[in-house]
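A short worksheet on the structure shown next.
2 protein chains.
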Amino acid sequence: MVQSTNNSSVSRRDLLKAAAASGGALAAGSISVSAAAESNKENLPPNVADWSTSLGEGVDTNPYGKPSEFEKDVVRRSVRWLTASTESSVNFTPLHELDGIITPNGLCFERHHSGVAEVNPTDHRLMINGLVEKPLIFTMEDIMRFPRTNKIFFLECAANSGMEWRGAQLNGCQFTQGMIHCVQYTGVRLKYILEEAGLKTNAKWLMPEGGDSAGMNRSVPLAKALDDCLLAFKMNGEALRPEQGYPLRLVVPGWEGNMWVKWLRRIEVGDMPWHTREETSKYTDLMENGKSRRFTWVMDCKSVITNPSPQAPINHGKGHTVLTGLAWSGQGTVDRVDITLDGGKNWHAARIDGPRLPKALHRFYYEFDWDGSPLLLQSRAVDSTGYVQPTKDELRTVRGTNSIYHNNGIQTWHVLKNGEVENVEIS
Amino acid sequence: MVQSTNNSSVSRRDLLKAAAASGGALAAGSISVSAAAESNKENLPPNVADWSTSLGEGVDTNPYGKPSEFEKDVVRRSVRWLTASTESSVNFTPLHELDGIITPNGLCFERHHSGVAEVNPTDHRLMINGLVEKPLIFTMEDIMRFPRTNKIFFLECAANSGMEWRGAQLNGCQFTQGMIHCVQYTGVRLKYILEEAGLKTNAKWLMPEGGDSAGMNRSVPLAKALDDCLLAFKMNGEALRPEQGYPLRLVVPGWEGNMWVKWLRRIEVGDMPWHTREETSKYTDLMENGKSRRFTWVMDCKSVITNPSPQAPINHGKGHTVLTGLAWSGQGTVDRVDITLDGGKNWHAARIDGPRLPKALHRFYYEFDWDGSPLLLQSRAVDSTGYVQPTKDELRTVRGTNSIYHNNGIQTWHVLKNGEVENVEIS
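In order, the protein sequences belong to chains A and B.
Each residue of the first sequence is one higher than the last, beginning at 0 in numbering that gives the first Met the number 0.
Each residue of the second sequence is one higher than the last, beginning at 0 in numbering that gives the first Met the number 0.
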């Protein structure tokens, strides 16, 4: 039976000793691991666990469930010095604690410009105005009467990894790549709503506007809106979370998260871009020559190793090690991910596992035997257009270091002999 | 702009009046809806909503997020008279509130036999014993060192719809079909763990055993274990929830949920089935002749209309109506779903939208114009083996009405003139 909770530290030591002594648990073949599994049943403590001898809580305890108390450190985290206030800040997804491609709703990164708007869905309206035949106002119930679709998409903030432009700064992929999540959205194609209003022939651009007090707005080209944009009201099956724009958000697949306007209250149709604050002083990439790249909407192909990583060191010592991470591209699917353990001298194909959906996260794995020596880990993704994820230095050569946005450079983790991991740069 | 929260009832009435008067919002074409959208901007109230004029909560408020207060009724529900105690009971998924194919972790139905075991993952062990070359004991960390895989699967209790064998009884798909959920699991193939222990040549059956005080156990044929069973430790990206077997559960794709042993502490390998309590006095189907069907593991093809349904009436009156629901098969994918509005006289192909993954939920839609007359709604699914979901009467003809389990019969909803919906039977 399982071990007792009363003397777990002693019995774990016994197990490890037994495993080391027997060696018999180390099986052959590609799937074997040098685990602490052991074959000596006599080492088992006589007690059984408390949870095997007592009644647990009943089904009336949690109408809406929550994680185990033992997972209390699996949370979003913010960086206090990053912004002036918590209402205009970021809460990062703990990528190092997750697996698969779905981000649970409670851990989806959040970024606001005036805090979380708490919208009453009964009173919420969406207005379509501007270059349309019939300006329209929709209730949430109206919107839900259009044909719905379900799509799994990643959402990445343009500023994800932005703090890394000037060198390795933050110790943990939660902070360096954690402005991303991936859920299944349910919504209505924006195309249907626009067709209901009737587009005038000179309509070329949209300006979605948020219902928060920041009134977040961006210019979106009409072609994108008609292609694959959604008005989403559900994520992972249930209603959008307040911090994700409840009750209605714009979904702009593959494009920077700032355009996915939350608490969506209005879409104006126009014939040219508006050049709002959020696409001039912000969300443009300042180059070395003082000019800015504008309309850099697509999130280019990128990847990161989530384990091992600074917040998730190797605790088991030498031997079989599961390396895992995430890859994505705003242009489509990810065709391959390569891994290096030695800072780029040798590359190995990672195994992509799970659905490979366009503009969604892809999960990759690379299993290897660690000999206990230091490692320089990198992942490099290639997308379905043939685009290869660049190094940070390659990006800097082209764009300089003034920018905050669109850093999709290769991340390097330095694994030390003791299994700890640091964020480093190599050239 | 959006309406004020201060006078929403008045302004909604205005909007509806305006829509009725103008009629101009009812566009043509297949995607149009007879919505309350309207073209008269003068009817808008002068105020803007509170949430558009004040700061919301900052990112330090919810390290682990939660649903909007306006969604507080979207919860799992239990039926008190169904079982003797809450520790041995069921909490049903609110299917009528969900969309897409992913069930959020907080709303996954739960069923226990001695309450929710609160397991400390550090102290948890999995033992493999019986007809193996090397009995082994694994820590959670050991298990996570095997190659992982990610799969989206439904889990359905064998007793789902069990209360309907003797006629329509419960008003709501949460209660009639809500013993089901669908998440992305991350885990290790059971095959790898068994290979590590080394199967003896006479090994033919497994008995997984739970770490709860019920010590839940079932006989699983080895062929299934080697085919697609997983030892799962994550669901929808994060750790399993306690009520779903944290930290480790067996995943038996397409087979009845009772076999997906939670809080998994031991797997015994044997040469014949054990005939435990849970596969003799329970989870066998008592026939009219007094004999029981045994080993009825597969969950056959089934579907249900989730909206409209008794808990989700039609509130918008006549006109464009979105009908949606779920279909699934333990044998593979769902090839088609047909819908009848008139109790089976005429059938119409539903649109299946979203990923079509084997042994996962499928989401279907059927949009129609409701003329306000009573309807008898049914959905009928056909899976990739050609199996057609039967009527309840067809099932009763073969199996009688003594059984509790494996009722995959067609569900009928009676829509009344006022939009309310009842659970009925027709023959």
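C-beta: ideal position from N, C-alpha, C; glycine also.
An exposed status is given to residue 373(B), since fewer than 16 other beta-carbon atoms sit within 10 Å of its beta-carbon. When Cβ-Cβ separations below 9 Å define contact, residue 145(A) makes contact with chain B. Ranked by Cα distance from residue 409(A), the options 109(A), 167(A), 68(A) and 151(A) are led by 167(A). Note that the stretch 244 to 252 of chain A does not touch the stretch 76 to 88 of chain B; fewer than 3 beta-carbon pairs, one per stretch, sit closer than 8 Å. Counting the other Cβ atoms within 10 Å of the Cβ of residue 206(A) gives 16 or more, which makes it buried. In the DSSP annotation of this structure, the continuous segment of the beta strand (DSSP E) that includes residue 368(B) starts and ends at 361 to 369. The beta carbon of residue 329(A) lies closer than 7 Å to those of 253, 254, 297, 298, 299 and 358 in the same chain, with the five residues before and after it left out. Across the structure, residue 188(A) and residue 218(A) are spaced so that their CA atoms are roughly 18 Å apart. In terms of CA proximity to residue 365(A), 340(A) leads the group 383(A), 381(A) and 340(A). Take residue 272(B), set aside five residues on each side of it, and the residues of its chain with a beta-carbon closer than 7 Å to its own are 204 and 218, in chain order.
For residue 116(A), the neighbours in chain B by C-beta distance under 8 Å run, in chain order, 50, 51 and 55.
Per DSSP, residue 138(A) is one residue of the beta strand (DSSP E) stretching across 135 to 138. For residue 172(B), the CB contacts under 6 Å within the same chain, skipping 5 residues up- and downstream, are 94, 95, 303, 305 and 308 in chain order. The DSSP assignment places 179 to 188 as complete runs of the beta strand (DSSP E) inside the stretch 152 to 208 of chain B, in order along the chain (cut-off: 3 residues).
Interface annotation, residue 140(A): in contact with chain B, CB-CB separation under 9 Å. Against residue 106(A), the close residues of chain B are 63, 64, 236 and 237, in the order they occur along the chain (beta-carbon pairs closer than 8 Å).
Listed in chain order, the non-local C-beta contacts of residue 149(B) below 8 Å within the same chain comprise 183, 184 and 185, local neighbours out to five positions each way being set aside.
Annotated three-state conformation of residue 267(B) is strand, per DSSP. Rounded to whole angstroms, residue 177(A) and residue 404(A) show a C-alpha spacing of 14 Å. Per DSSP, the unbroken beta strand (DSSP E) holding residue 321(B) starts and ends at 318 to 327. Per DSSP, reduced to three states, the secondary structure at residue 127(B) is strand. Within the same chain, 99, 100 and 362 come within 7 Å of residue 353(B) by CB-CB distance, once the 5 residues on both sides are set aside. For residue 356(B), the closest of 52(B), 151(B) and 416(B) by C-alpha to C-alpha distance is 151(B).
Residue 220(A) sits in a strand when the DSSP states are folded into three classes. Residues of chain A whose Cβ lies closer than 7 Å to the Cβ of residue 97(B) are, in chain order, 236 and 237. The stretch 97 to 116 of chain B makes contact with the stretch 54 to 61 of chain A; the number of CB pairs closer than 8 Å reaches 3 or more. Excluding its 5 nearest sequence neighbours in each direction, residue 416(B) has C-beta neighbours in its own chain below 8 Å: 371, 372 and 373, listed in chain order.
With contacts defined as CB atoms closer than 9 Å, residue 420(B) and residue 376(B) qualify as a contacting pair. Residue 59(B) has a beta carbon lying within less than 9 Å of a beta carbon in chain A. DSSP places residue 91(A) in the strand class (E or B) of the three-state scheme. The stretch 256 to 271 of chain B makes contact with the stretch 217 to 236 of chain B, as at least three CB pairs between them are under 8 Å. Shortest Cα-Cα distance from residue 280(B) to any of 68(B), 293(B), 269(B) and 236(B) involves 293(B).
For residue 70(A), the closest C-alpha among the options 324(B), 141(B), 118(B) and 390(B) is that of 118(B).
When DSSP reads this structure, residue 148(A) sits in a beta bridge with 186(A). Only 183, 185 and 191 from the stretch 172 to 192 of chain B bring a Cβ to less than 7 Å from some Cβ of chain A.
For residue 392(A), there is no enclosing beta strand (DSSP E); the enclosing alpha helix (DSSP H) has its first and last residue at 391 to 398.
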